[in-house]
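Residue numbers (the working numbering): 86 to 213.
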């Protein structure tokens, strides 16, 4: 004789079991999403910090560029001085103090006390 065991489940409990499994699955999905969002938030904070650093560097580069342009303008103005018939040139000889060799010596032209002496010294240029 064969024995058959039947398992009787109330349909109401079976339905509730399926609902509980669905809710559990949804909670797991939500937990995964929340954890991903936390990770993304950390990454965004790191990127934001890096962008702030980049912005500071770009601002400094802009300031340096502006200063460079100003210095170029000033140098251009200084090298275009033409008062008292002085003009910038590459003349002079070794040891004259104005030939750019870095050694001060006896000048072969001009007066060391004239108005442009300091400009000549600064730029190591010869004025005639």
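Cβ coordinates follow ideal geometry from the N, Cα and C atoms, glycine included.
Span of the alpha helix (DSSP H) around residue 95
Where residue 95 is concerned, there is no enclosing alpha helix (DSSP H), given that its DSSP letter is neither H nor E.
Could you compute how far the alpha carbon of residue 96 sits from the alpha carbon of residue 129?
49 angstroms
Looking only at its own chain, which residues have a Cβ that is under 6 angstroms from the Cβ of residue 170, when we skip the five neighbours before and after it?
A caution first: residue 170 carries a pLDDT of 43, below 50, which makes its placement in the model unreliable, though a value can still be read off. So no residue of the chain qualifies.
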